[in-house]
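S.K.:
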Amino acid sequence: MREEQKKAYMTRIAEANRSELVVIIYELFLLAMKEAEEAFKVGKSSEGVECVKRAEGFLQELMGSLDRRYEIAEPLMRLYRYVYEQLIFSVLRRKLVNGETVCHVMEHLKDAFTEVAKQDTSGPVMENTGKVYAGLTYGKTSLNEVLLGGDETGHGFRA
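Sequential numbering of the sequence shown, starting at 301, is according to the numbering used here.
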């Protein structure tokens, strides 16, 4: 993941409510899978395995945060288990196993949670974060992006 992508995700996470956080985790899962596919294609199997393990971490977060009080939780868990098995096989075989199917399933779930997130009017999960203001400044030979975030201490934590 490029540095500007990390900064963009950090900003989104700081401002996200619970539903938006789930969407972000799906996006990060799919990004890790894309990076794994690219690494395996060019013969960088160790790098590909690391990307798959990163995707596995995102999947474990989704599995762990599943609220079992809802009826949809059990079918979701079955899908997550299937995806998890394919990730384990991918690590063992050092190549993507059913990668297209895994990404297809997770993409559809991400789309569904995106619709849920549009209806979620709750506030951000993280408290005590500064507002992020972004803008562009013009230099003689360059265009620079500026991010201003206020107080940098205690982000996300309430003292």
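Glycine residues also receive a C-beta, built at the ideal position from the N, C-alpha and C atoms.
Note down the Cα distance separating Lys307 from Ile313, rounded to an integer number of angstroms.
M.R.: 10 angstroms
S.K.: Does Thr414 come out as helix, strand or coil in the three-state DSSP assignment?
M.R.: helix
S.K.: What's the C-alpha gap between Glu385 and Met333?
M.R.: 14 angstroms
S.K.: With DSSP as the reference, label Thr311 as helix, strand or coil.
M.R.: Look at Thr311 here: in three-state DSSP terms it is helix.
S.K.: Would the beta-carbon of Val383 fall within 8 angstroms of that of Val405?
M.R.: Yes.
S.K.: Terminal residues of the continuous alpha helix (DSSP H) containing Tyr384?
M.R.: Taken as a continuous stretch (DSSP letters only), the alpha helix (DSSP H) holding Tyr384 covers 373 to 393.
S.K.: Please return the same chain residues whose Cβ sits closer than 6 angstroms to the Cβ of Phe358, not counting the five positions on each side in sequence.
M.R.: Ile325, Leu328, Phe329
S.K.: Pick out whichever of Gln305, Arg302, Asn317, Val323 has its Cα sitting closest to the Cα of Thr414.
M.R.: Val323
S.K.: By Cβ distance, which residues of its chain are closer than 6 angstroms to Glu303, with the 5 residues on each side in sequence left out?
M.R.: Result list for Glu303: empty, nothing under 6 angstroms.
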